[in-house]
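Asks: Top to bottom, those sequences are chains Y and G. Quick note, the first sequence lines up with residues 256 to 365 if you use this note's numbering. Quick note, the second sequence lines up with residues 18 to 128 if you use this note's numbering. Even glycine gets a Cβ: it sits at the ideal position worked out from N, Cα and C. Quantities reported herein were computed from a predicted structural model and do not represent experimental measurements. Provided herewith is a single structure, encoded as C-alpha cells, for subsequent inquiry.
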Amino acid sequence: AQSVTQPDIHITVSEGASLELRCNYSYGATPYLFWYVQSPGQGLQLLLKYFSGDTLVQGIKGFEAEFKRSQSSFNLRKPSVHWSDAAEYFCAVHGNKLVFGAGTILRVKS
Amino acid sequence: SQTIHQWPATLVQPVGSPLSLECTVEGTSNPNLYWYRQAAGRGLQLLFYSVGIGQISSEVPQNLSASRPQDRQFILSSKKLLLSDSGFYLCAWDTGLAEAFFGQGTRLTVV
Chain Y
256 AQSVTQPDIH
266 ITVSEGASLE
276 LRCNYSYGAT
286 PYLFWYVQSP
296 GQGLQLLLKY
306 FSGDTLVQGI
316 KGFEAEFKRS
326 QSSFNLRKPS
336 VHWSDAAEYF
346 CAVHGNKLVF
356 GAGTILRVKS
Chain G
18 SQTIHQWPAT
28 LVQPVGSPLS
38 LECTVEGTSN
48 PNLYWYRQAA
58 GRGLQLLFYS
68 VGIGQISSEV
78 PQNLSASRPQ
88 DRQFILSSKK
98 LLLSDSGFYL
108 CAWDTGLAEA
118 FFGQGTRLTV
128 V
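Shown next as C-alpha cells:
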C-alpha cells in the first residue's frame, strides 16, 4: 500500500533558526516525491519535487529536500526561517496515485 | 494553458439530500483525476482517483461516489448526505510526471 507519514503535527521555530520537516513514505518502488505549502485561506503551492537523479533538490523560497532511499524519507529543510514561512506543509507521494501526508503546521516566533 | 474548474465554491445542503460536485479540466488529455477532502489535522484525504474514463478507484468506503463520464470531467456524488459529509472538497489533476493542479475547492456544509 502507498502511504505518507508526517510525524510532526506542529512545529515551532524561532525566526532565523533552521528548519527540518520530516516525511516518510511507503511504496514498493521509488515514487515521485513532492512538498507543497498552504498558507491560511490559500491554495496549495508546490515547493519542490523529486523524480530522479540528484537526491538533494532545491525548491522555491530557499527550501530544499533530500531523498534517502534507505530510510524511505524525503525531509524538507531550510537554513533560516522567515516569519512568512508560517504555513502548513504537506509531503506527497506519487506511486500509482497521488497521496498526501497529514501535514505539519509551522509556527514561527519572533 | 491548463486550467481546472470546480464548482460550486460553497454549498449548504440538508441531511438526506443528494450531492453533485463537478470538476472539469482544460488544456490536457487523459489526466489522472482526484477527489480529496481536506480536514484540519488530516491533510488531504484521497477519496477517489481515476486514470481514465469510467475507471474509478475508491480509497475510503463512505457515503460518496465518483464518476468520470468524459475524459476531463470528474463528478463527486452522494444519494443522501450525512452530517459527517461536511467538509472541504478539492478536485485535482496530474499526469503522474509533474506536479498536481488543484481546483479552488468546495466548502460543503450539511445541516
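#1: G:GLU43 touches chain Y at which residues, Cβ-Cβ below 8 Å?
#2: Does the CB of G:SER82 have a neighbour CB from chain Y at under 9 Å?
#3: Check the Cβ-Cβ distances between G:ASN47 and every residue of chain Y, and say whether any is below 9 Å.
#4: So within the stretch 296–337 of chain Y, which uninterrupted beta strand (DSSP E) runs reach at least 3 residues, ignoring any that extend past its ends?
#5: Could you tell me which chain G residues have their CB closer than 8 Å to the CB of Y:ALA357, listed as they occur along the chain?
#6: Give a yes or no on whether the C-beta atoms belonging to G:LEU81 and G:SER95 are separated by under 9 Å.
#7: Let me know if Y:ILE315 comes out buried or exposed under the rule of 16 or more other beta-carbons within 10 Å of its beta-carbon.
#8: Which whole-angstrom value describes the C-beta separation of G:GLN55 and G:LEU107, a residue pair presumed to lie in contact below a C-beta threshold of 8 Å?
#9: Return the CA-CA distance between Y:SER258 and G:LEU38, expressed in angstroms with no decimal places.
#10: With 16 other CB atoms within 10 Å as the buried threshold, where does G:LEU63 fall?
#11: Please report the straight-line C-alpha distance between Y:ALA357 and Y:TRP290, rounded to a whole angstrom.
#12: Determine which residues of the stretch 273–300 of chain Y have a Cβ less than 7 Å from any Cβ of chain G, and write them out in chain order.
#13: Who are the near neighbours of Y:SER365 in its chain, counting only those whose CB is closer than 6 Å to its CB and skipping five residues on each side?
#14: Is there a Cβ of chain G sitting closer than 9 Å to that of Y:VAL264, yes or no?
#15: Using a beta-carbon distance cut-off of less than 8 Å, what residues from the stretch 342–354 of chain Y approach chain G?
#16: Measuring alpha carbon to alpha carbon, tell me which of G:GLY58, G:LEU61, G:PHE65 and G:ARG59 ends up nearest G:ASN49.
Replies: Walking through what the data contain:
#1: Taking a Cβ-Cβ threshold of 8 Å, none of the residues of chain Y is close to G:GLU43; the smallest such distance is about 17 Å.
#2: Cβ-Cβ to chain Y under 9 Å: no for G:SER82.
#3: Closer than 9 Å: no.
#4: Segments of the beta strand (DSSP E) lying fully in the stretch 296–337 of chain Y: 299–305, 311–313, 319–323 and 328–333.
#5: By Cβ distance, chain G contributes GLY58, ARG59 and GLY60.
#6: Judged by their CB atoms, G:LEU81 and G:SER95 are nearer to each other than the 9 Å cut-off.
#7: The residue is exposed, with fewer than 16 neighbouring Cβ atoms inside 10 Å.
#8: Right, their Cβ atoms sit about 6 Å apart.
#9: Their backbone Cα atoms lie some 26 Å apart in a straight line.
#10: Buried is the call here.
#11: Taking the straight line joining both Cα atoms gives about 12 Å.
#12: Within the stretch 273–300 of chain Y, the residues whose Cβ lies closer than 7 Å to some Cβ of chain G are PHE289, GLY298 and LEU299, listed in chain order.
#13: Same-chain partners within the cutoff: GLU270.
#14: The residue you asked about is not Val; residue 264 of chain Y is Ile in the sequence shown. Interface residue, yes.
#15: Taking 8 Å as the Cβ-Cβ cut-off against chain G, the residues of the stretch 342–354 of chain Y that qualify are PHE345, ALA347, HIS349, LYS352, LEU353 and VAL354.
#16: Per the Cα distances, G:PHE65.
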